[in-house]
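Residue numbers (UniProt numbering): 1 to 171.
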């Protein structure tokens, strides 16, 4: 049996522990039910739950949700359209999101799947400074997929366009 401040109160019966908890206006909580004898603790359970949820919220606040974005291209994409897609992928990677690049084939275009793989490799080379290629290009049906993951240590930008650490300095 542990007290409110984690001090040892010794081994006692359940009835005696309940009586002690009632006298101190505290809750009797079983901490380690598998040990012999089971370990119980006197605490204010409502306050304990409140502090736990508060800690969980703080932990969530520090995490960045990494989303999976998909960018679709065609094998006959024009040069300007290709460059616009690459800029879009780069922005998403800098925002900390994973990007799935997909080449879509129509009809008999799938016979020239090597064109799609060339485009994916070109994208991977151009974005090598901000991304890591996760796996090889995979052919699923009439589409070829490639996963790009942001490089660790790359500057993650917030919605305002400033790096996260610069925004924290300027209130």
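Heads up, the beta-carbon is just placed ideally off N, CA and C, and yes, glycines get one too.
Note that the coordinates shown come from a computational prediction; the quantities given were computed from them, not determined experimentally.
Excluding five sequence neighbours on each side, which residues of the same chain lie with their C-beta closer than 6 Å to the C-beta of residue i?
i: residue 138; result: 145
i: residue 181; result: As displayed, the chain neither begins before 1 nor continues past 171, which places residue 181 out of reach and without an answer.
With H, G and I counted as helix, E and B as strand and the rest as coil, what does DSSP make of residue i?
i: residue 110; result: helix
i: residue 52; result: helix
i: residue 70; result: strand
i: residue 11; result: coil
i: residue 30; result: strand
Measure from the alpha carbon of residue i to the alpha carbon of each residue in the options, then state which is nearest.
i: residue 133; options: 123, 142 and 141; result: 123
i: residue 100; options: 22, 147, 34 and 21; result: 147
i: residue 36; options: 12, 56, 20 and 43; result: 12
So, does the CB of residue i fall closer than 7 Å to a CB anywhere in chain B?
i: residue 125; result: Absent from the structure is chain B; it holds one protein chain and no more.
Give every residue of the same chain whose Cβ lies closer than 8 Å to the Cβ of residue i, excluding the five residues on either side of it in the sequence, and list them in chain order.
i: residue 97; result: 66, 67, 68, 69 and 150
i: residue 10; result: 1
Excluding the five sequence neighbours on either side, which residues of its own chain have a C-beta within less than 7 Å of the C-beta of residue i, listed in chain order?
i: residue 85; result: 71 and 73
i: residue 131; result: 93, 148, 149, 150 and 151
Please report the Cβ distance between residue i and residue j, rounded to the nearest whole angstrom; I am assuming they are in contact, meaning their Cβ atoms lie under 8 Å.
i: residue 50; j: residue 27; result: The Cβ separation is near 13 Å, so there is no contact.
i: residue 75; j: residue 116; result: 5 Å
Discussion item. Which runs of the alpha helix (DSSP H) at least 4 residues long sit entirely within the segment 79–138? Give them in chain order.
Written reply: 79–94 and 113–126
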